[in-house]
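Working notes for the structure below.
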Amino acid sequence: MSRRTPLSALGVSVAAVLATSLVSSAPALAQTRQATVLPSDVITYALGANATDLQRIAAYWTPERLRQASTYVPSTKPSAGTRSAPSVAEVVPGGKRARTAKAPGKKAAQNPPMVGKVFFKLGAKEYWCSGSVVHSKNRNLVATAGHCGYSLPQNRPVENWIFIPSYENGDTNAGIYVGHTLYLHLDYPGKGDFDRDYAFVTVNRGFTWKNTSGGYQRADAGRLEDKVGAFRFAATKGTSLAVNAFGYPAGAHPDGSRPYSGQTVRTCSGVTDRKYVTAPTYLLSHGVLLRSCMFTAGASGGPWVLNYNRARQTGFLNGVTSLTWNVNGDGRLDAISTPFFNAVTQRVYNEAAKQATG
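Residue numbers (mature numbering (1 follows the signal peptide of the UniProt record, and there is no 0)): -30 to -1, 1 to 328.
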């Protein structure tokens, strides 16, 4: 039997709370603030949508906090009377490793500049996932995993969400982009449905930190897509397709080996399985599986790209990494999956792509 785990790693302090507490399975909508449900079954949450929140979030992410962030793994939304048992692992600050292992997941040559890291706060800790820029007329849109924007166990969106494109060994020269509005399908926060584990986030104009004699100061970095480009969006393309998956894996395999640092983009490529993969624990019935990819914690939300042109760094976004799988049962993660991007995904993207953020 295949084993599956969510793709990033929850901090020890947070996991301890979740593992000993029950969380109601009632819909999250009543427990969250600033939620808007659109007629297309899309739900939105304001992140840094006003000047006050924008300034607060921008000021929060100092270079020191960025260095301290850990990878994140979600828990499923527990039913009443059920204990949540998320995996417990944490990236060591500074990229230190445990024993090494062979890691199919090459360092990406000519890294696509539109791939980057998502950072956010949940509880008392800072975390990160992967993400990418997807084209929109307002040139301000990021795609990532739903669990990198919304906490199912806590029934609320994450806090202080930002995106850093072209992240490489701490480099933020391409800008830091504060999230404006989070777009999800209603079934992700409402049911914990991992067939909808994707998110689109509009962002504000970016900034960079300038180190001056008086401390750090912010400098304008412009619109996101103007800065780094974007993948085009593609849905309803089927399975058995050649894809390139990108991300920032960093966490440990089940056997404890830790082959990645999380400081640079890694890539896996191959042909997706013809049949959908299922995971009842996560309400997943239409997952698309990519085998022989040993991505670990941190790669959640990273793009799956069709027709990737390495020279031009272009392609079509057709998935985001959601779950990792230990198909062989040997203690090493060896496959990743994305929710199938269908007409429902297209609706969520369409709503997000409309929003201008200035």
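Even glycine gets a Cβ: it sits at the ideal position worked out from N, Cα and C.
Whole-angstrom C-beta distance between residue j and residue i, which should lie under 8 Å
{"i": "Phe286", "j": "Ala215", "result": "At roughly 13 Å, the Cβ-Cβ gap does not stay under 8 Å, so Phe286 and Ala215 are not in contact."}
{"i": "Pro127", "j": "Tyr120", "result": "5 Å"}
{"i": "Gly146", "j": "Lys87", "result": "A quick correction: the sequence has Ile, not Gly, at residue 146. 10 Å between Cβ atoms; not a contact."}
{"i": "Asn143", "j": "Gln325", "result": "Actually they do not touch by this definition, with Cβ atoms about 26 Å apart."}
{"i": "Pro273", "j": "Ala113", "result": "7 Å"}
Span of the alpha helix (DSSP H), counted from its first residue to its last, around residue i
{"i": "Ile27", "result": "21 to 30"}
{"i": "Arg280", "result": "Neither: Arg280 is in no alpha helix (DSSP H) and is coded neither H nor E."}
{"i": "residue 338", "result": "Given that the chain is displayed from residue -30 to residue 328, the structure contains no residue 338 and the question cannot be resolved."}
{"i": "Gly192", "result": "Looking at the DSSP string, Gly192 is not in any alpha helix (DSSP H); the run it does join, the beta strand (DSSP E), is 185 to 192."}
{"i": "Tyr158", "result": "157 to 161"}
{"i": "Glu34", "result": "33 to 38"}
Residue burial classification, residue i (beta-carbon count within 10 angstroms, cutoff 16)
{"i": "Leu111", "result": "buried"}
{"i": "Asp300", "result": "exposed"}
{"i": "Gly221", "result": "buried"}
{"i": "Pro250", "result": "exposed"}
{"i": "Asp167", "result": "buried"}
{"i": "Glu34", "result": "exposed"}
{"i": "Arg228", "result": "buried"}
{"i": "Asn181", "result": "exposed"}
{"i": "Pro9", "result": "exposed"}
{"i": "Arg37", "result": "exposed"}
{"i": "Thr46", "result": "Unreliable placement is indicated for Thr46, whose pLDDT of 48 sits below 50; the coordinate value is still reported in the next sentence. By the neighbour-count rule (16 or more Cβ atoms within 10 Å), Thr46 is buried."}
{"i": "Ala281", "result": "exposed"}
{"i": "Gly176", "result": "buried"}
{"i": "Asn174", "result": "buried"}
Residue i versus residue j - alpha carbon distance
{"i": "Asp225", "j": "Ala189", "result": "44 Å"}
{"i": "Asn298", "j": "Val258", "result": "17 Å"}
{"i": "Pro48", "j": "Ala191", "result": "Residue confidence for Pro48 is low, a pLDDT of 35 falling below 50, so the modelled location carries little weight; the figure read from the coordinates is stated next. Cα to Cα, Pro48 sits roughly 41 Å from Ala191."}
{"i": "Leu254", "j": "Asp163", "result": "7 Å"}
{"i": "Lys95", "j": "Arg26", "result": "17 Å"}
{"i": "Arg317", "j": "Val104", "result": "14 Å"}
{"i": "Tyr153", "j": "Val171", "result": "6 Å"}
{"i": "Val7", "j": "Ser106", "result": "21 Å"}
{"i": "Arg261", "j": "Glu321", "result": "32 Å"}
{"i": "Gly160", "j": "His150", "result": "21 Å"}
{"i": "Phe90", "j": "Glu129", "result": "6 Å"}
{"i": "Thr206", "j": "Gly240", "result": "19 Å"}
{"i": "Leu17", "j": "Met264", "result": "32 Å"}
{"i": "Leu156", "j": "Thr14", "result": "9 Å"}
{"i": "Asn125", "j": "Ala5", "result": "12 Å"}
{"i": "Ala39", "j": "Trp98", "result": "6 Å"}
{"i": "Lys66", "j": "Ser231", "result": "Its pLDDT being 32, under 50, Lys66 is placed unreliably in this model, and the value from its coordinates should be taken loosely. Cα to Cα, Lys66 sits roughly 7 Å from Ser231."}
{"i": "Gly140", "j": "Val12", "result": "34 Å"}
{"i": "His256", "j": "Gly93", "result": "31 Å"}
{"i": "Glu195", "j": "Asn312", "result": "24 Å"}
{"i": "Pro123", "j": "Trp179", "result": "34 Å"}
{"i": "Asn279", "j": "Tyr319", "result": "23 Å"}
{"i": "Thr308", "j": "Val235", "result": "18 Å"}
{"i": "Cys118", "j": "Arg202", "result": "21 Å"}
{"i": "Thr209", "j": "Thr291", "result": "15 Å"}
{"i": "Asn20", "j": "Ser183", "result": "30 Å"}
{"i": "Gly328", "j": "Arg193", "result": "9 Å"}
{"i": "Leu24", "j": "Arg302", "result": "40 Å"}
When the options are compared against residue i, the one with the closest alpha-carbon
{"i": "Ser100", "options": "Tyr319, Gly268, Tyr153, Cys238", "result": "Gly268"}
{"i": "Gln233", "options": "Val85, Arg26, Asp157", "result": "Val85"}
{"i": "Val247", "options": "Gly185, Arg280, Asn296, Gly221", "result": "Asn296"}
{"i": "Thr242", "options": "Val235, Ala212, Leu293, Tyr218", "result": "Ala212"}
{"i": "Pro314", "options": "Val275, Ile132, Asp165, Leu24", "result": "Pro is not the amino acid found at residue 314; the sequence shown has Val there. Per the Cα distances, Asp165."}
{"i": "Lys245", "options": "Cys263, Phe310, Gly149, Val275", "result": "Phe310"}
{"i": "Trp31", "options": "Gly140, Ile132, Asn181, Leu276", "result": "Ile132"}
{"i": "Leu276", "options": "Cys238, Thr294, Thr266", "result": "Cys238"}
{"i": "Gly271", "options": "Ser210, Thr284, Ala169", "result": "Ala169"}
{"i": "Tyr158", "options": "Ser231, Phe177, Tyr252", "result": "Tyr252"}
{"i": "residue 329", "options": "Asp141, Thr178, Ser102", "result": "The requested residue 329 is not part of the displayed model; the chain covers only -30 to 328."}
{"i": "Tyr186", "options": "Trp274, Ala28, Asp196", "result": "Ala28"}
{"i": "Gly199", "options": "Leu24, Pro82, Asp141", "result": "Pro82"}
{"i": "Thr266", "options": "Thr284, His223, Pro273, Ala281", "result": "His223"}
{"i": "Pro219", "options": "Leu194, Thr294, Glu195", "result": "Thr294"}
{"i": "Ile306", "options": "Asn20, Gly217, Lys197", "result": "Gly217"}
{"i": "Val148", "options": "Thr308, Thr22, Tyr278", "result": "Thr22"}
{"i": "Gln80", "options": "Lys197, Ala323, Gln283", "result": "Gln283"}
Cutoff 7 Å: residue i Cβ touching any chain B Cβ
{"i": "Glu129", "result": "Included in the structure is just one protein chain, with no chain B present."}
Range of the contiguous beta strand (DSSP E) that encloses residue i
{"i": "Glu96", "result": "95 to 103"}
{"i": "Val241", "result": "236 to 241"}
{"i": "Pro9", "result": "Counting along the chain, Pro9 falls outside any beta strand (DSSP E), and DSSP gives it neither H nor E."}
{"i": "Leu260", "result": "254 to 261"}
{"i": "Glu138", "result": "Unbroken run through Glu138: none, as it is neither H nor E."}
{"i": "Phe89", "result": "85 to 92"}
{"i": "Asn214", "result": "212 to 217"}
{"i": "Thr248", "result": "247 to 249"}
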